[in-house]
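Going by this note's numbering, the sequence shown opens with residue 2, and the numbers climb by one from there.
Heads up, the beta-carbon is just placed ideally off N, CA and C, and yes, glycines get one too.
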Amino acid sequence: MACMNGACADNWKLGVVSCVGANKPSGDWDPIGTTGKLPDPMVYVNVKVSNVNGETKFIDDTLTPTFNQDILTDSVTNLTNPAGILAEIRDDDGLLGFEVMGQCTATLTLADLQAGTKTITTCTAQAVSVTLRFTK
């Protein structure tokens with residue numbers, strides 16, 4: 002367990018502050034016959050080494066949702082493991098399930114946890130960034 006200035010990398014809670022997505026190159030995010038052209042994003046987060054995961058609620062018709070939602074409220078360990086974190090931005094399509102907009106990945110440091118937030122910009126496809134928060 003890594004410790005710095007009296008704080009350790011174990012027993013943190015994880016939340017999602019916000020994310021940023023991009024327009025779909027092939028057109029609308031919503032299925033044919035529905036209203037709205039923008040995605041209804043939600044964020045799924047997986048702490049890879051321990052396979053602990055959670056997700057936000059979805060927010061209608063936006064590329065820049067603000068969630069401010071805690072998703073892993075039990076104390077999480079291994080946040081600074083080199084296997085890292087996966088944050089997947091998904092477009093909720095109701096009864097049709099969801100489309101993956103893209104994935105963002107990062108390896109966190111104790112300094113990231115102590116800072117309270119981390120914006121991850123190492124992303125694929127139409128995912129631009131995800132901002133996570135960490136609390137004790």
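Residue j beta carbon less than 7 Å from that of residue i
i, j, result
"Asn-47", "Leu-87", "yes"
"Glu-89", "Tyr-45", "yes"
"Gly-16", "Asp-93", "no"
"Gln-127", "Gly-103", "yes"
"Thr-67", "Val-21", "no"
Limits of the beta strand (DSSP E) - the one that residue i falls within
i, result
"Gln-127", "Premise fails: Gln-127 is in no beta strand (DSSP E) and is neither H nor E."
"Leu-87", "86–93"
"Leu-15", "13–22"
"Lys-119", "118–121"
"Asn-54", "53–56"
Pairwise C-alpha distance: residue j and residue i
i, j, result
"Met-2", "Asp-41", "Low confidence applies here, because Met-2 scores a pLDDT of 48, under 50, leaving its location unreliable; read the following figure in that light. Those two C-alpha atoms are separated by around 38 Å."
"Lys-14", "Thr-74", "5 Å"
"Val-129", "Asp-29", "18 Å"
"Val-77", "Pro-26", "37 Å"
"Thr-118", "Lys-38", "30 Å"
DSSP three-state assignment for residue i, whether helix, strand or coil
i, result
"Ala-107", "strand"
"Met-2", "Low local confidence applies: a pLDDT of 48 at Met-2 is under 50, so the model's placement there is unreliable, with the coordinate-based value given in what follows. Looking at Met-2 - three-state DSSP - the assignment turns out to be coil, as it is neither helix nor strand."
"Asp-113", "helix"
"Leu-64", "coil"
Touching or not, the stretch 101–120 and the stretch 78–87, by the rule of three or more beta carbon pairs under 8 Å? yes
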